[in-house]
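The sequence shown begins at 0 in numbering that gives the first Met the number 0 and counts up one residue at a time.
The beta carbon of each residue, even a glycine, is placed where N, CA and C say it ideally should be.
Comments concern the structure below.
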Amino acid sequence: MRFKKAVSMALAGAMAASLMVGCGSSESVTEATGSGEGTQTAQAGDKQEVVIWDYFETDAQKKMMESLINGFNSSQDEYVASHTYVPFADYEKQLTLGIASGELPDVVILDGCDMSSFIAMDLFGDISDANIDWSEYIEGPMNSTMMDGKHYGLPFATNCTALFYNKDILDDAGVPYPNENTTWDEFHEMAKKLTDYGVTGFGNAAIGTDEGTFQCLQWLYTAGGSYTDIEAGKDAYQLMQDMINDGSWSKECVNWAQTDVCNNWKAGNIAMMQNGPWQIPGIEADAPDMNYGVTVLPKKDASSGQATSILGGENMGAVKKDNMEGAKAFLEYYNQTDVMVDAMKQYGSFPPKTEAAKDSYWTDDPIQAEFITQLETSIPRGPSPIWPSYSNAIQTGFQEVLTLAKSPEQAAKDTQAAVDAVK
Numbered sequence: 000m001r002f003k004k005a006v007s008m009a010l011a012g013a014m015a016a017s018l019m020v021g022c023g024s025s026e027s028v029t030e031a032t033g034s035g036e037g038t039q040t041a042q043a044g045d046k047q048e049v050v051i052w053d054y055f056e057t058d059a060q061k062k063m064m065e066s067l068i069n070g071f072n073s074s075q076d077e078y079v080a081s082h083t084y085v086p087f088a089d090y091e092k093q094l095t096l097g098i099a100s101g102e103l104p105d106v107v108i109l110d111g112c113d114m115s116s117f118i119a120m121d122l123f124g125d126i127s128d129a130n131i132d133w134s135e136y137i138e139g140p141m142n143s144t145m146m147d148g149k150h151y152g153l154p155f156a157t158n159c160t161a162l163f164y165n166k167d168i169l170d171d172a173g174v175p176y177p178n179e180n181t182t183w184d185e186f187h188e189m190a191k192k193l194t195d196y197g198v199t200g201f202g203n204a205a206i207g208t209d210e211g212t213f214q215c216l217q218w219l220y221t222a223g224g225s226y227t228d229i230e231a232g233k234d235a236y237q238l239m240q241d242m243i244n245d246g247s248w249s250k251e252c253v254n255w256a257q258t259d260v261c262n263n264w265k266a267g268n269i270a271m272m273q274n275g276p277w278q279i280p281g282i283e284a285d286a287p288d289m290n291y292g293v294t295v296l297p298k299k300d301a302s303s304g305q306a307t308s309i310l311g312g313e314n315m316g317a318v319k320k321d322n323m324e325g326a327k328a329f330l331e332y333y334n335q336t337d338v339m340v341d342a343m344k345q346y347g348s349f350p351p352k353t354e355a356a357k358d359s360y361w362t363d364d365p366i367q368a369e370f371i372t373q374l375e376t377s378i379p380r381g382p383s384p385i386w387p388s389y390s391n392a393i394q395t396g397f398q399e400v401l402t403l404a405k406s407p408e409q410a411a412k413d414t415q416a417a418v419d420a421v422k
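And the structure:
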């Protein structure tokens with residue numbers, strides 16, 4: 000759901016009461032347990048509240064936030080932090096309403112590609128004076144938290160998607176494992192053979208939000224296009240529609256978020272999926288005996304280099320307020336290498352801090368190492384302060400292709416016009 004810069008105060012007033020939860024009184028805060036089973040109340044007393052919003056859905060991510068907040072609260076006696084879950088599909092809308100109504104948290108964890116939009120909307124405040132060595136961070140994620148040389152937050156996690164495959168299903172179907180040399184044609188043949196075997200060959204998340212853009216955009220880039228040059232990547236549309244037509248790419252993808260894709264993959268409904276490392280803790284917990292592998296996404300043809308993936312991950316932005324010391328204190332706590340490493344192990348992503356990313360947990364694990372390889376050719380969405388408008392136009396095109404509403408040629412032409420119209 001995309002936001003508009005102009006949101007009326009009347010609309011904000013009508014919706015704020017129902018939407019803006021978690022901005023509790025000065026006497027107590029409601030702290031999500033992370034288990035999905037309810038909330039617990041933390042008495043603030045004389046402590047200053049630090050309210051955090053996030054959209055984390057998996058149990059591992061929720062437990063990570065609980066551990067992170069408990070660690071922060073135990074580390075000092077000046078602040079008490081809590082967090083509130085806001086559904087991803089409603090996230091931008093609630094933030095935009097909060098800007099209009101003034102009812103906002105202290106810290107916002109948000110998709111990295113969205114941060115420049117909200118910096119431009121004056122949601123975040125300058126925290127360049129925080130006790131953080133900014134040079135210790137990976138350049139790409141760090142740049143996404145900045146504008147005009149000022150720091151408005153901190154990178155929280157960085158990641159990309161790659162190709163998961165169920166080895167047992169592929170073995171039973173007589174399909175070779177995909178690898179770094181697999182081309183689109185070979186990938187398509189693998190997926191068709193798996194579908195003929197009785198399991199849908201491939202699935203990804205193509206839901207009509209930026210989550211869908213995150214997963215689908217890499218196919219456009221691998222085909223030679225970009226977020227502003229759709230027609231150069233129209234071969235991706237052709238691949239998608241060919242695979243939808245023969246059933247080797249799940250037609251349900253237009254309704255699936257990334258968690259839905261993983262659940263279907265764990266259940267054996269699809270043999271290969273595009274997904275990210277944040278799913279690994281859930282796979283280990285829910286399907287510990289699953290025999291699976293991960294490799295980079297397929298490349299267009301034999302003469303092509305490694306396929307592109309799209310850089311993902313979250314940032315933590317400090318909301319602009321008269322008193323931002325609590326927000327800075329929370330970001331400074333997360334800046335500690337051991338805190339970040341522990342959080343990212345639970346979260347299932349890669350730390351954006353160079354020193355933390357060297358931990359053997361990532362470098363010595365063959366599954367994690369494949370994501371490190373894929374990160375080498377991963378690129379950001381945008382970046383652009385008006386990325387949501389681009390994303391909306393691009394994802395509409397993918398939906399039209401994957402639902403067979405338009406031919407690849409027509410979808411490419413229409414999406415290019417929609418992108419060109421973004422101002």
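For residue i, collect the residues of the same chain with a Cβ closer than 7 Å to its Cβ; drop the 5 residues on either side in sequence, then sort them by chain order.
i: Ile279; result: Gly347, Ile366
i: Glu313; result: Ile108, Leu109, Asp110, Gly111, Phe155, Ala156
i: Gly308; result: Checking the displayed sequence, the identity of residue 308 turns out to be Ser instead of Gly. Result list for Ser308: Cys159, Thr160, Ala161, Gln217, Leu296, Gln373, Thr376, Ser377, in chain order.
i: Gly223; result: Ala231, Gly232
i: Lys319; result: Asp121, Leu122, Phe123, Gly124
i: Asp128; result: none
i: Pro407; result: Lys233, Tyr236, Gln237, Gln240, Val400
i: Glu369; result: Ala161, Val293, Thr294, Val295
i: Trp133; result: Met141, His150
i: Gly211; result: Ala204, Ala205, Gln394, Phe397
i: Tyr332; result: Phe71, Ser74, Val338
Please check the pair residue i and residue j, which I expect to be a contact at CB under 8 Å, by giving their CB distance rounded to whole angstroms.
i: Val85; j: Tyr54; result: 6 Å
i: Gln305; j: Thr376; result: 5 Å
i: Gln257; j: Ala317; result: At roughly 27 Å, the Cβ-Cβ gap does not stay under 8 Å, so Gln257 and Ala317 are not in contact.
i: Cys215; j: Gln394; result: 7 Å
i: Tyr151; j: Tyr291; result: That belief does not hold up - the Cβ atoms of Tyr151 and Tyr291 are roughly 39 Å apart, past 8 Å.
i: Val418; j: Gln240; result: The Cβ separation is near 19 Å, so there is no contact.
i: Val338; j: Gly70; result: 7 Å
i: Ser435; j: Ser383; result: Since the displayed the chain opens at 0 and closes at 422, residue 435 lies outside it and no answer follows.
i: Leu169; j: Ala266; result: Rounded, the Cβ-Cβ distance is 16 Å, inconsistent with contact.
i: Pro379; j: Gly139; result: 6 Å
Could you tell me if residue i is buried or exposed, where buried requires 16 or more neighbouring beta carbons within 10 angstroms of its beta carbon?
i: Ser34; result: Its pLDDT being 35, under 50, Ser34 is placed unreliably in this model, and the coordinates cannot settle the point.
i: Lys166; result: exposed
i: Lys3; result: Residue placement at Lys3 cannot be trusted, given a pLDDT of 31 that sits under 50; what the coordinates show is reported in the next sentence. Answer is exposed; the Cβ neighbour count stays below 16.
i: Ala284; result: exposed
i: Lys149; result: exposed
i: Leu403; result: exposed
i: Thr362; result: exposed
i: Ser390; result: buried
i: Thr209; result: Note on identity: in this sequence residue 209 is Asp, with Thr being the wrong assignment. It is buried - the Cβ of Asp209 has at least 16 other Cβ atoms within 10 Å.
i: Asp89; result: exposed
i: Gln93; result: buried
i: Asn72; result: buried
i: Lys357; result: exposed
i: Glu77; result: exposed
i: Ser302; result: exposed
i: Ser25; result: Because Ser25 sits at a pLDDT of 28, beneath the cut-off of 50, its placement in the model cannot be relied upon, and the following sentence gives the value as read from the coordinates. So Ser25 counts as exposed.
i: Gln75; result: exposed
i: Asp45; result: exposed
i: Asp113; result: buried
i: Glu354; result: exposed
i: Ser359; result: exposed
i: Pro287; result: exposed
i: Ala342; result: buried
i: Gly311; result: buried
i: Ala416; result: exposed
i: Glu91; result: buried
i: Ala11; result: With a pLDDT of 35 at Ala11, under the threshold of 50, the modelled position of that residue is not reliable, and the figure given next carries that caveat. Ala11 comes out buried.
Excluding the 5 residues preceding and the 5 following residue i in the sequence, name in chain order all residues of the same chain whose CB lies nearer than 6 Å to its CB.
i: Glu36; result: Reliability fails at Glu36, whose pLDDT of 34 lies under 50, so the model's placement of it is uncertain and the value that follows must be treated cautiously. Nothing meets the Cβ criterion.
i: Asn334; result: Ile131
i: Thr146; result: The residue asked about is misnamed: residue 146 is Met in this sequence, not Thr. Same-chain partners within the cutoff: Ile118.
i: Ala326; result: Asp105, Val106, Ala317
i: Ser388; result: Val421
i: Asp125; result: Lys149
i: Ala328; result: Tyr78
Could you name the residues of the same chain whose beta carbon sits closer than 8 Å to that of residue i, not counting the 5 residues immediately before and after it, in chain order?
i: Ser247; result: His187, Ala190, Lys191, Leu193, Thr194, Thr199, Gly200, Phe201
i: Ala59; result: Trp277, Pro280, Gly281, Ala284, Gln345, Tyr346, Gly347
Quick one: is the Cβ of residue i within less than 6 Å of any heavy atom of the ligand PLP?
i: Cys159; result: Absence of the ligand PLP is noted for the structure shown, with no ligands found whatsoever.
Are there three or more Cβ pairs, one per stretch, closer than 8 Å when the segment 226-237 is compared with the segment 401-418?
Yes: the two stretches touch, three or more of their Cβ pairs being nearer than 8 Å.
Specify whether the segment 179-198 and the segment 283-303 touch according to this definition: at least 3 beta carbon pairs, one from each stretch, less than 8 Å apart.
Yes, the segment 179-198 touches the segment 283-303.
4 or more residues per run - each alpha helix (DSSP H) lying fully within the segment 268-303
The segment 268-303 contains these whole alpha helix (DSSP H) runs: 279-285.
Hey, which unbroken runs of the alpha helix (DSSP H) at 4 residues or more fall wholly within the segment 166-193?
Entirely contained in the segment 166-193, the alpha helix (DSSP H) runs reaching 4 residues are, in chain order, 166-172.
Could you name each continuous alpha helix (DSSP H) segment of 4 residues or more that falls completely within the segment 208-263, going from the start of the chain to the end?
Unbroken alpha helix (DSSP H) stretches of 4 residues or longer found wholly inside the segment 208-263: 209-221, 233-244, given in chain order.
Any beta strand (DSSP E) of 3 or more consecutive residues that is wholly inside the segment 311-337
Within the segment 311-337, complete beta strand (DSSP E) segments of at least 3 residues are found at 313-317, given in chain order.
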